[in-house]
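Going by UniProt numbering, the letters in the sequence shown line up with residues 1 to 177, in that order.
A virtual CB, placed ideally from N, CA and C, is assigned to each residue, including glycine.
What follows is a set of notes on a single structure, which appears directly below.
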Amino acid sequence: MAQELIQLQPGQQIERWTIDKKLGEGGFGAVYRVRDMTGMYALKVEGVAEQIQVLKMEVYVLTELTKRGSRHFCKIEDKGRYGNFNYVVMTLVGKSLQDLNKGGPGGHMTLGCAISCGIQCLEALEDLHNIGYLHRDVKPGNYTIGRAELQELRKVYILDFGMCRKFTNAQVACSFQ
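In structure tokens, the structure reads:
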């Protein structure tokens, strides 16, 4: 559990990033929308005194996925330590699949949308498994779509790799083929 959540204020400057607003928070830290001269991004923060360093795992997994040109993952723009917290800046994404499902007609996605999202969710897990990791927190709230202004409304991203763990036995790796 968090020692004390890092609270940042709109307009506050973290290196080249300006805080726009808080997007959410969890047991290990908070996520903010930030901007710089190139656009809008997401900034995750975690106190340096945290016993469990979740951001470290997140950065490691996203870096490995980027090396392999994997689909469905946020790109890391920046990372570092600022004062009493660690941070990572990454792609800003759109609504979660959980929110999209609730907002659809009758509180559900259309069949076509559900099939397309389902395929992309499995592709994301396949990419993760192909580098030897299990996500361990797969749920609609940890999948999102891209942003409209980037023409990515039909692209699904998977988020939140703090619970990821490396396979202990390479024999259990599988493919969805």
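(message) Cutting at 7 Å between CB atoms, please list the residues of its own chain near E64, excluding the five before and the five after it.
(response) Excluding residues within five positions, the ones whose Cβ falls inside 7 Å are I131.
(message) Considering Cα atoms alone, identify which of F28, S70, L23, N86 is closest to V156.
(response) Of the candidates F28, S70, L23, N86, the one whose C-alpha sits nearest the C-alpha of V156 is S70.
(request) Could you name the residues that DSSP lists as bridge partners for Y60? (result) In the DSSP secondary-structure assignment, Y60 is not bridged to any residue.
(request) Assign L134 to one of three DSSP states: helix, strand, or coil. (result) Strand.
(request) Run the CB neighbour count on H15, radius 10 Å, all protein chains shown included, and call it buried at 16 or more, exposed below. (result) According to the sequence displayed, residue 15 carries Glu and not His. Only exposed fits E15, as fewer than 16 other CB atoms lie within 10 angstroms of its CB.
(message) Is it buried or exposed, V151, if we count other Cβ atoms within 10 angstroms and call 16 or more buried?
(response) The residue you asked about is not Val; residue 151 is Gln in the sequence shown. Looking at its Cβ environment, which holds fewer than 16 other Cβ atoms inside 10 Å, Q151 is exposed.
(message) With the cut-off set at 8 Å, would you say V34 and D20 are in Cβ contact?
(response) The answer is yes: Cβ separation under 8 Å.
(message) In whole angstroms, give me the CA-to-CA distance for Y82 and L111.
(response) Distance between the alpha carbons of Y82 and L111 is about 45 Å.
(message) If I measure Cβ to Cβ from K95 and keep anything under 8 Å in the same chain, skipping five residues before and after, which residues do I get?
(response) For K95, the CB contacts under 8 Å within the same chain, skipping 5 residues up- and downstream, are G103, T144, I145 in chain order.
(message) Going by DSSP in three states, V48 sits in which element: helix, strand or coil?
(response) For V48, the three-state secondary structure derived from DSSP is coil.
(message) Can you look up E152 in the DSSP assignment and give me helix, strand or coil?
(response) Secondary structure at E152: coil, using DSSP grouped into helix, strand and coil.
(message) Considering Cα atoms alone, identify which of L8, M90, L62 is closest to A124.
(response) Closest in alpha carbon position to A124, among L8, M90, L62, is L62.
(request) Spell out the partners DSSP gives I6 in its beta bridges. (result) In DSSP, I6 forms no bridge with anything.
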